[in-house]
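Order-wise, the sequence lines are chains A and W.
Going left to right, the first sequence walks through residues 5 to 217 as the working numbering numbers them.
Going left to right, the second sequence walks through residues 5 to 217 as the working numbering numbers them.
Number of protein chains: 2
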Amino acid sequence: MTATREPLSRERVLNAALALADAGGTDALTMRRLGQELGVEAMSLYRHVANKDAVLAGIVDQVISEITLPPPSDGWKAAMRSRGVAAHQALIRHPWAPALLMSRTNTGPAMLRYIDYTLGVLREAGFSWRLTDYAWNTMDSYIYGFTLRKLNFPIAQPDYADVASAHVHLLAGGGFPYMAEMTRHVMAGNHPGDPDLTFGLDLILDGLERLRG
Amino acid sequence: MTATREPLSRERVLNAALALADAGGTDALTMRRLGQELGVEAMSLYRHVANKDAVLAGIVDQVISEITLPPPSDGWKAAMRSRGVAAHQALIRHPWAPALLMSRTNTGPAMLRYIDYTLGVLREAGFSWRLTDYAWNTMDSYIYGFTLRKLNFPIAQPDYADVASAHVHLLAGGGFPYMAEMTRHVMAGNHPGDPDLTFGLDLILDGLERLRG
DNA sequence: GCTGTAAGCTTACGACGTAAGCAAGAGTGC
DNA sequence: GCACTCTTGCTTACGTCGTAAGCTTACAGC
């Protein structure tokens, strides 16, 4: 009289893995817990997935697939700008993702699509192959770097007050006058502690525009 | 008649940890192996170090301390440029470091010194606090992001031929025309596969110069 | 019914970080 | 010389991890 449960599948495994990572970060994603979440023993997962690394690759690609790619007809600059913002937003929605994304070689279908789109927009806008490669690399280095940094910046975290007070004694020592003053400015509200992606992105895009001629 | 061995110390532990990470990456750095390297049991390390996380924080700060900071008298732009290059080089010397650097909140003495230096150069060059913060954030997001990306880019690895041939079938499918063509250009030697830090860095610095007015 | 194949289960191994308590030696005060 | 404390390193053990090897069960096609 037991209802025959839905059989496992690579897709079901990856969905559960994504949910687990979203809920508790990479640490919460273990094969045992993943099995538990699916009502199955850990070893059963290996019928549908080569190993844990494949799971990680799968969920990273899933996140990349969430990046909405604007139509190239918007013009290369606008397209690259909103592509960058969309990537940043998708990654922020899954805070565990950037570290994974940047510390592995990713060749999932969504990633390849995403790269090909980017190269295509730049090429069609008249950038040389060399400049296209450099431009792509520069933008993505910045976007991913910025996102990862932001996620680990104490200021962006709810326990900012704790962190700040824990470090105040370091700054008070007098060895780091500029940091101390900067902290004072941020705490006084003169200046947003939360960094802004578009500042640097626009800097890069304007520079690329000038190089394109 | 056994020679009394050199007693452990936080410094000796960190030095050995750094050597271990340099030799085999983060995975090779375990408390047991670290003890073994020092001729000591793993648990003995805990007398000199709070836990493994403290070890990681220690060696990351060690790497940061290797970044040579140019004299601010060179002018802010030249100083920021060679600071960036120096940071990149130091991180490349310790390929395991960028991932660690970017996935934790770092408040070691070398890191604080490094940040304070950067803020100081920008402030003394006349940047507002707001612009100083944005500039610092943009530069470092790019530098770290670029370095981490480069380390995980298959092209930078000795097994590039393998990696390329393993992915050729994906490109050959026709779904990714621009990537395919780019790969062809790189393989034909028309274009360096190895990315260049200074391209993006100069883009950013030129943009900052314009903003400073 | 028989048999082949797939899906999930069981057990087990060798890592890992580290908590708790023990042992042995080095100073120190008398 | 002797007890005392403090420091340093060692022993043992626990719970967790990824996953190799082999087993069981259920169903499909004949």
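Every residue, glycine too, gets a C-beta built ideally from N, C-alpha and C.
- Around residue 15 (chain W), the same chain offers no residue with a beta carbon nearer than 7 angstroms, after the five sequence neighbours per side are excluded.
- Contact note: residue 156 (chain W) reaches chain A through 106, 107, 108 and 109, using a C-beta cutoff of 7 angstroms and chain order.
- Think of a sphere of 7 angstroms around the beta carbon of residue 51 (chain A): no beta carbon from chain W falls inside it, the nearest being about 24 angstroms out.
- Within 10 angstroms of the beta-carbon of residue 141 (chain W) lie 16 or more other beta-carbons, which makes it buried.
- Here residue 48 (chain A) has 12 and 39 as same chain residues with Cβ atoms under 7 angstroms from its own Cβ, once five neighbours each way along the sequence are excluded.
- For residue 24 (chain W), there are no neighbours in chain A by C-beta distance under 7 angstroms, as the nearest C-beta there is about 19 angstroms away.
- At a cut-off of 9 angstroms, the C-beta of residue 98 (chain W) has no neighbouring C-beta in chain A.
- Sequence-ordered contacts of the stretch 179-191 of chain W with chain A read 179, 180, 181, 182, 183, 184, 185, 186, 189 and 190 [C-beta pairs closer than 9 angstroms].
- Here residue 107 (chain A) is buried, its C-beta having at least 16 other C-beta atoms within 10 Å.
- Taking a contact as a CB-CB distance under 8 angstroms, the pair residue 152 (chain A) and residue 136 (chain A) does not count as one, their CB atoms being some 24 angstroms apart.
- Neighbourhood of residue 127 (chain W) in chain A, by CB distance below 7 angstroms: 182, in chain order.
- Within the stretch 38-69 of chain A, no residue has its Cβ closer than 9 angstroms to any Cβ of chain W.
- Taking all protein chains shown into account, residue 36 (chain W) has fewer than 16 neighbouring C-beta atoms within 10 Å of its C-beta and is therefore exposed.
- Chain-ordered listing is empty here: chain A has no CB closer than 7 angstroms to the CB of residue 19 (chain W), the nearest sitting near 24 angstroms.
- Counted as a single uninterrupted DSSP element, the alpha helix (DSSP H) harbouring residue 146 (chain A) occupies residues 133-156.
- Of the other Cβ atoms in all chains shown, 16 or more fall within 10 Å of the Cβ of residue 199 (chain A); this residue is therefore buried.
- For residue 131 (chain W), the closest Cβ of chain A is not nearer than 9 angstroms.
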